[in-house]
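Here is the structure we will look at, set down as structure tokens.
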Amino acid sequence: CTFCHRLDDPSVKGYNLRLQTEPSAQELIHEIGDPARFDEVVFCGYGEPTLRLEVIKEVARAVKARGGRIRLNTNGHGNLIHKRNILPELAGLVDTVSVSLNAENAEKYLTICQPAYGFGAYDSVLAFIKEAKQSIPEVVVSIVRLPNVDVKACERMARQELGVKFRLRELDAIG
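Here it is in structure tokens:
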């Protein structure tokens, strides 16, 4: 996305978020420890978490078995990435999915998010949101407040057309 600086500067609040290697599911489970000490365990980050779908499922299974809650923050491209509907695989593992929509139409989405999947990505994200309601207990659409995005139109789409919750995120300095 045009507003993300992860490729320019992978630091947030003085912490370098660039990993030398991607942690294994077992390493993540070990680092989480007792998930009850957290409100929820969140899969998100500099990049799309569903690229590592099997790791998400393994870690989520372990966290849920120990009484934890799971949230997945995603761009909604998981079905495009895996060329199948991944949402049924997340049923019972993910409590909340938050999908970054970031625009009220495909043209703006293409300009702002610059998806690898091109113009059809926006409709695929909308389909992902609709499908998520069948498998995930709580579905949230989020957008980042940007000058050229119609926040009210996005909120109306989320709440009325898609029937999900809406969250407005403020664009903030992250470094």
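Following the numbering used here from start to finish, the sequence shown increments by one per residue and tops out at 183.
A virtual CB, placed ideally from N, CA and C, is assigned to each residue, including glycine.
Reference residue i; option with closest CA among the options
i	options	result
Ala33	Glu112, Lys65, Lys91 and Ala124	Lys65
Asp158	Leu118, Cys52, Asn110 and Leu61	Asn110
Leu118	Tyr130, Ala44 and Ile144	Tyr130
Arg92	Gly126, Ala124, Ser132 and Val105	Ser132
Phe127	Ile137, Asn81, Glu56 and Asn113	Asn113
Ala70	Glu56, Gly55 and Val49	Val49
Phe51	Leu80, Arg45, Gly86 and Leu61	Leu80
Val147	Pro155, Ile40, Leu59 and Gly171	Gly171
Asn156	Phe46, Gln168 and Glu115	Glu115
Val105	Pro57, Leu154, Arg74 and Val152	Pro57
Gly55	Gln168, Glu30 and Leu154	Glu30
Three-way DSSP call (helix, strand, coil) for residue i in this model
i	result
Thr29	coil
Phe127	helix
Phe174	strand
Glu146	strand
Leu95	helix
Leu101	coil
Leu134	helix
Val107	strand
Val157	coil
Nonlocal neighbours in the same chain, by C-beta distance under 6 Å from residue i, ignoring five residues either side
i	result
His38	none
Thr10	For Thr10, the predicted model reports a pLDDT of 48, less than 50, meaning its position is unreliable and no value from the coordinates is stated.
Contacts around residue i, its chain only, beta-carbon distance under 8 Å, and the 5 residues preceding and following it disregarded
i	result
Ile36	Correcting the residue identity first, residue 36 is Leu in this sequence and not Ile. If we look at Leu36 and ignore the five residues flanking it on each side, its Cβ neighbours are Val63 and Val67.
Arg74	Asp42, Pro43 and Ala44
Contacts around residue i, its chain only, beta-carbon distance under 7 Å, and the 5 residues preceding and following it disregarded
i	result
Ser143	Leu95, Pro96, Leu98 and Ala99
Glu139	Asn93 and Leu95
Ile137	Gly84, Val107, Val147, Val149, Leu170 and Val172
Glu163	Phe174
Ile40	Val49 and Val71
Pair within 8 Å by beta-carbon distance, residue i and residue j
i	j	result
Asp103	Arg77	yes
Leu134	Ile89	no
Phe174	Ala166	yes
Lys72	Leu101	yes
Neighbour-count burial assignment, residue i, 16 or more Cβ in a 10 Å radius
i	result
Ala124	exposed
Gly86	buried
Leu176	exposed
Ala44	exposed
Thr82	buried
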